[in-house]
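Comments concern the structure below.
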Amino acid sequence: MKLRQMTNEDLAGVVEIQRQILRREPGEAWRRMLANHVGGAERSAFVAEDDGLVLGFILVEVKAGGFGAELTGWIEVIGVRPDHMGGGVGSALVGQALEHFAAAGVADVCTAVRWDSGDLLAFFKNLGFDRSPFINLQKNSG
Ligand SMILES: CC(C)(COP(=O)(O)OP(=O)(O)OC[C@H]1O[C@@H](n2cnc3c(N)ncnc32)[C@H](O)[C@@H]1OP(=O)(O)O)[C@@H](O)C(=O)NCCC(=O)NCCS
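Under numbering that gives the first Met the number 0, the first residue of the sequence shown carries the number 0, and numbering increases by one thereafter.
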């Protein structure tokens with residue numbers, strides 16, 4: 000398994016993983032957001048690949064000034080091909096993201112997980128993440 004930066008050639012494979020995880024077609028806004036992570040300065044993305052097959056992906060962003068810290072690294076989305084889950088792909092991708100953040104001088108790394116998403120919570124807790132002192136607020140104006 001190889002870890003490397005995501006390129007435009009990986010987009011179809013990443014969309015396919017997201018389709019399998021969601022069990023529906025990822026929307027146009029999601030695809031745009033994904034494409035915006037290719038080759039960006041603040042936004043980046045990495046894939047785990049084996050013999051040309053994208054096994055997993057991680058989308059990250061370095062934000063300035065968030066939460067009183069100088070720079071904060073955000074893990075925005077992570078996904079592993081369902082038929083490869085439980086094989087260490089996800090933890091390798093988080094490791095790659097942490098290396099990327101360290102190289103950018105970022106000490107604080109955050110992610111947001113649905114409170115009832117037991118799988119993702121267990122995954123991140125296993126990698127040393129814990130509750131932050133912040134809570135997300137939401138307003139639906141629709
Ligand atoms: C969560 C996810 C990224 C984990 O990737 P993975 O490659 O399956 O995880 P790993 O094999 O690297 O597991 C690392 C550790 O996390 C924990 N873990 C992983 N998946 C878990 C699960 N489903 N339940 C509980 N713990 C889990 C395990 O304790 C594992 O530790 P171990 O190696 O000591 O057993 C992957 O399962 C996934 O993509 N899930 C769907 C994500 C999703 O719902 N996305 C939509 C919203 S963004």
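Yeah, the Cβ is synthetic: ideal placement off N, Cα and C, and Gly gets one too.
- Distance between residue 101 and residue 50, taken at the CA atoms: about 28 Å.
- Taking C-beta atoms as the reference points, residue 3 and residue 48 count as a pair closer than 8 Å.
- With a cutoff of 7 Å, residue 76 counts as near ligand 1, since its C-beta is closer than that to a heavy atom of the ligand.
- The C-beta distance from residue 120 to residue 79 rounds to 16 Å, too long to meet the 8 Å contact threshold.
- Within the stretch 2–28, the runs of alpha helix (DSSP H) at least 4 residues long that lie entirely inside it are, in chain order, 10–21.
- The residue among 107, 94, 69 with its C-alpha nearest the C-alpha of residue 132 is 107.
- Distances between the C-beta of residue 119 and the heavy atoms of ligand 1 include at least one below 7 Å.
- Beta bridge pairing from DSSP links residue 42 with 60.
- Shown here for residue 76: same chain residues with a beta carbon closer than 6 Å to its own, the five before and five after excluded, namely 58 in chain order.
- Placement of the Cβ of residue 133 at a distance of 7 Å or more from every heavy atom of ligand 1 is found.
- Nearest to residue 33 by C-alpha distance, out of 8, 22, 52, is 8.
- DSSP places residue 129 outside both helix and strand once states are collapsed to three, so it counts as coil.
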